[in-house]
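Position one of the sequence shown corresponds to residue 658 (this note's numbering), numbered consecutively onward.
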Amino acid sequence: MKQAITLTNAPTVKAAVKSQKMGFWTVLLFGINSIIGSGIFLLPNEGMRLFGPASIFVLAFDAVLVLTIGLCFAEDSSLFDETGGAYVYAKAAFGNFVGYEVGFVTWTIRIIAEGTLYVGFATAVAGVFPELNNSIDKDIIVTIMALTLMTVNLFGIKVAAILNNAVTVSKLLPLVVFIAIGIWFIKGSNFTPMIPASIASKGSFAKAAMTMFFVFTGIESSVVAAGEMKNPKKDLPRVLIIVILAVATFYILVQTVCIGVLGKSLAVSTTPIQDAFGTMVGSFGKYLVAAGTLMSIGGVGFSTSFITPRFGVAMAEHGMMPQFLTHKNRFGVPHNAIIISALLGLIVAVSGSFNTLVQISAVSRFAQYIPSCLAVLVFRKTMKDRKSGFKIPFGWFIPVLAITVSLWLLAQTSISNLIWGFGALLVAVPFYFLTRRNFVN
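Laid out in structure tokens, this is it:
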């Protein structure tokens, strides 16, 4: 039987001062900030285009899938207290090779995704200030954003936590106002027919489900930084469940208001929430949502810049990456990993070579999700005597359901997207054999 990974002798994990750890409410806001990003501001139109008003039910379907995956993460996380998330679970359950594959592909994807968020922020700024819509200003904006987020993270958990809490609350405010006002402008006629005949087809539901699944990606971010939390075994399971339920409710309400206000025109809107708010209250609504969009993308960029270096640190602690990534500064943060991740993300941002990742990012997340769900079944046999802070009810049903539905969604995805989404798994193979002699169990 494979044994649990423990890092009791790893000073890089235990050295953080207790006062620098994140408490329950900070972890909760961090989880919300990790999920609610640019997707909710941009994808309501895609849902309407692909499945009509019934896209509300597509969101509900995705929410159930994410909840089952989140429950698996919750049970896994209750057995560990170190940084790494899906990488740690895969390594403990299936050994070094699978763990390395999951860790490598996750860190690679997150670095590219971080660069994508930098450019997403620059694009949003250019939407508010059209005179900045050129390549030079774009590169200046992404550089400022990358260096700013890197600097904030170098000053430790306390500064990062304060900024994260403020950003999360600030970016949610426009959406809360949008929902509160929007429910009074909903027109029932905009919900018929629920599924227009022109888009009803055998594969339309699956395509809509995979596309809109993107708005839920990020749930894995909370468990990655377990080593930075005061009481991860107790707090993480509760945080994951609360975050998923809260975000799902939020998304369904936003989609409902967008459909109820814009009707068929939602399908062709490029800024759906902004257009819907403008219809309700005029230009003030548009500017409020524009501010919320910038805050949202910036917030997700911040949480991503915090999480991404921790993947490299987790692998380095097990000898799968160079040890200098684990070195911490006087604020107790892995400064080398933070600087390297930020600079690599910046290179991606200025190169413009990340466009494909935006389309297949949802696919790539399943490289973390499926092994983590499978790990639940393994740990119930190999770690049955270890004290757990949370156990999924109904036995094996929920993990198997999460795995089955995930595989079904992937089966509906184009071959090209699957290749791009899981390509990093193949790239990782030679690096595994080059570094495996340094692995620490």
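Glycine residues also receive a C-beta, built at the ideal position from the N, C-alpha and C atoms.
Which of the three DSSP states, helix, strand or coil, is assigned to residue i?
i     : result
S1021 : helix
P894  : helix
W1053 : coil
I876  : coil
V979  : The sequence given here has Pro at residue 979, not Val. Of the three classes helix, strand and coil, the one that applies to P979 here is coil, per DSSP.
G845  : helix
I798  : helix
T906  : helix
N1012 : Caution applies to N1012, whose pLDDT of 49 falls short of 50 and renders its modelled position unreliable; the value that the coordinates give is listed next. Three-state result, N1012: helix.
I899  : helix
P1028 : helix
I1060 : helix
G867  : Looking at the sequence itself, residue 867 is Met, so the reference to Gly does not match. Helix.
P831  : helix
Taking Cβ to Cβ, would you say residue i is nearer than 8 Å to residue j?
i     : j     : result
G839  : V904  : no
G778  : I954  : What sits at residue 778 in the sequence shown is Phe, not Gly. A contact, by the Cβ cut-off of 8 Å.
Y1026 : I726  : yes
L1031 : I1060 : yes
V762  : P1028 : no
F1047 : A731  : yes
Y746  : D733  : yes
A971  : T874  : no
F934  : V925  : no
L1066 : A750  : no
Is it buried or exposed for residue i, if we count other Cβ within 10 angstroms and need 16 for buried?
i     : result
K943  : buried
N791  : exposed
R1043 : exposed
A837  : exposed
L1083 : exposed
E974  : buried
E788  : exposed
N986  : exposed
T961  : buried
W1053 : exposed
L902  : exposed
Looking at the unbroken alpha helix (DSSP H) that takes in residue i, where does it start and where does it end?
i     : result
H992  : 992 to 1008
P1087 : 1072 to 1092
D1042 : Run containing D1042: none; DSSP gives neither H nor E here.
R641  : Since the first residue shown for the chain is 658 and the last is 1098, residue 641 is missing from the structure and cannot be characterised.
P966  : 940 to 974
K921  : Premise fails: K921 is in no alpha helix (DSSP H) and is neither H nor E.
L716  : 712 to 734
L707  : 701 to 708
T928  : From DSSP, T928 is part of no alpha helix (DSSP H); its letter is neither H nor E.
At least one CB of chain B closer than 8 Å to the CB of residue i: is that the case?
i    : result
W682 : Although the question refers to chain B, the structure presented lacks it and comprises just one protein chain.
Unbroken alpha helix (DSSP H) runs of length 4 or more, entirely within the region 740 to 794: which are they?
743 to 751, 753 to 785
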